[in-house]
Amino acid sequence: MSLRSPLGKVLGRGSAGEGVGHWWVQRVTAVALIPLTLWFAWSLLGLPLQSYDAVRGWLGQPWVAVLAILLVLTLAWHSKLGVQVVIEDYVHGKGAKTTMLLLSTFVHVAAAVAAVFAVMLLALS
Amino acid sequence: MPPRPLSPHLGVYKFMYTLSLSILHRITGVAASVGFLVLAWWLMALATGHDAYDRAMRLLDTPLAKLLLVGFTFSFVYHFCNGIRHLVWDTGRGMERAQARRSGYFVIVAALLLTALAVWLGCRALAAVPGGVAP
């Protein structure tokens, strides 16, 4: 038997108040990704991809590098939010859920940092 | 306290094809996330140098990698098209059943056509002789 009142059981179990922010950022990044991914795919598919010099020369240009960094950061953010929702919905064990959410966050941050660092190396060297 | 029911309540819906489009949005989204990791790896190979880039491109040239690349391409393109459908829904438009079915059909056709276009352009870009195509 619990001595806690029905109100006490409910308090602290309601909305964390962060859902709207998550939902909204998912949409903002989605809208930003429309032009960014179209630009990247179209530009990349127009390059002779087997040529290191051609790809490097393209990506090393200042505006191309800036747009590429915007792209990978927005992609990583949108992807992190989306994978988070999938994990929260389908992974039910508390330990497994927390572990997978942590892992997803680490992998996304690592991939984003690696991608940004790579583009900056190409642009600055 | 008994365990409370948690969304999504997958068992309570009658099956309709728009339902499979909806779950496909999540599946392709997760696949595109893996594609993002491949992109980061490819950028790192490019930044590492000539040899590393050539090794990465040879790895991407294997049959399994090509199959995966086509899969990533379809996943991204479908998620892109269906994502626009979701953004339109977010404005409150196109939610009637007939409209949703029509837009779903349109998304499938567009995704298949754009995937074919991207694969064709991709093959062309991979076969292009360095210097032969103006960047």
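The listed protein sequences derive, respectively, from chains A and B.
Take the first sequence: its letters are residues 10 to 134, numbered as in the numbering used here.
Take the second sequence: its letters are residues 2 to 136, numbered as in the numbering used here.
Glycine included, C-beta positions come from ideal geometry on N, C-alpha and C.
For residue i versus residue j, is the C-beta spacing smaller than 7 Å?
i, j, result
"residue 120(A)", "residue 44(B)", "no"
"residue 82(B)", "residue 108(B)", "yes"
"residue 123(B)", "residue 54(A)", "yes"
"residue 6(A)", "residue 132(A)", "No statement about residue 6(A) is possible, as the shown extent of chain A runs from 10 to 134 and does not include it."
"residue 61(A)", "residue 51(B)", "yes"
"residue 39(A)", "residue 84(B)", "yes"
"residue 80(A)", "residue 45(A)", "yes"
"residue 130(A)", "residue 48(B)", "yes"
"residue 113(A)", "residue 92(A)", "yes"
Taking residue i as the query, report the chain B residues whose CB atoms sit under 8 Å from its CB, ordered along the chain.
i, result
"residue 46(A)", "77, 81"
Could you check the C-alpha separation between residue i and residue j for me, to the nearest Å?
i, j, result
"residue 96(A)", "residue 116(A)", "14 Å"
"residue 73(A)", "residue 118(B)", "23 Å"
"residue 16(B)", "residue 25(B)", "14 Å"
"residue 98(B)", "residue 106(B)", "12 Å"
"residue 42(B)", "residue 122(A)", "11 Å"
"residue 130(B)", "residue 94(A)", "43 Å"
"residue 90(A)", "residue 31(A)", "7 Å"
"residue 92(B)", "residue 77(A)", "29 Å"
"residue 23(B)", "residue 82(A)", "26 Å"
"residue 112(B)", "residue 120(B)", "12 Å"
"residue 18(B)", "residue 134(A)", "51 Å"
"residue 59(A)", "residue 110(A)", "37 Å"
"residue 5(B)", "residue 94(B)", "33 Å"
"residue 64(B)", "residue 75(A)", "33 Å"
Find the residues of chain B that neighbour residue i, judging by a C-beta separation of less than 9 Å, and give them in chain order.
i, result
"residue 118(A)", "In chain order: nothing, as chain B lies at least about 11 Å away."
"residue 14(A)", "Within chain B, no residue comes near residue 14(A); the closest Cβ sits about 13 Å away, beyond 9 Å."
So which residues of chain B does residue i contact, with C-beta pairs closer than 7 Å?
i, result
"residue 74(A)", "Within chain B, no residue comes near residue 74(A); the closest Cβ sits about 11 Å away, beyond 7 Å."
"residue 37(A)", "Within chain B, no residue comes near residue 37(A); the closest Cβ sits about 11 Å away, beyond 7 Å."
"residue 84(A)", "37"
So with CB distances below 8 Å, who are the chain A contacts of residue i?
i, result
"residue 23(B)", "Neighbours of residue 23(B) on chain A: none; closest Cβ ~12 Å, over 8 Å."
Once you ignore the five residues that flank residue i on each side, which residues in its own chain have a CB closer than 7 Å to its CB?
i, result
"residue 56(A)", "63, 64, 67"
"residue 36(B)", "73, 76, 77"
"residue 1(B)", "What the structure shows of chain B is the stretch from 2 to 136, and residue 1(B) is not part of that stretch, so it cannot be assessed."
Please list, in chain order, all residues of the same chain as residue i whose beta carbon is under 8 Å from its beta carbon, the five residues on each side excluded.
i, result
"residue 56(B)", "46"
"residue 71(A)", "132"
"residue 52(A)", "67, 73"
Just to make sure I have the definition right: I need the residues of chain A whose C-beta is within less than 7 Å of the C-beta of residue i. Which are they?
i, result
"residue 10(B)", "Ordered by position in chain A, no residue passes the 7 Å Cβ test against residue 10(B), which lies about 11 Å from the chain."
"residue 122(B)", "54"
Using a Cβ-Cβ distance cut-off of 7 Å, determine whether residue i contacts chain C.
i, result
"residue 111(B)", "Of the chains in the structure shown, none is chain C; the protein chains are A and B."
Below 9 Å on C-beta distance, what does residue i contact in chain A?
i, result
"residue 88(B)", "36, 39, 40, 43"
Can residue i be considered in contact with the ligand MG, in the sense that its beta carbon sits closer than 6 Å to one or more heavy atoms?
i, result
"residue 86(A)", "Looking for the ligand MG in the displayed structure turns up nothing, as the structure carries no ligands at all."
Spatial neighbours of residue i within its chain, please: CB distance less than 6 Å, with the 5 preceding and 5 following residues excluded, ordered by chain position.
i, result
"residue 115(B)", "78"
Validate contact between the stretch 82–89 of chain A and the stretch 34–48 of chain A using beta carbons, cut 8 Å, 3 pairs: yes
Contact the stretch 71–81 of chain B vs the stretch 17–36 of chain B: 3+ CB pairs below 8 Å: yes
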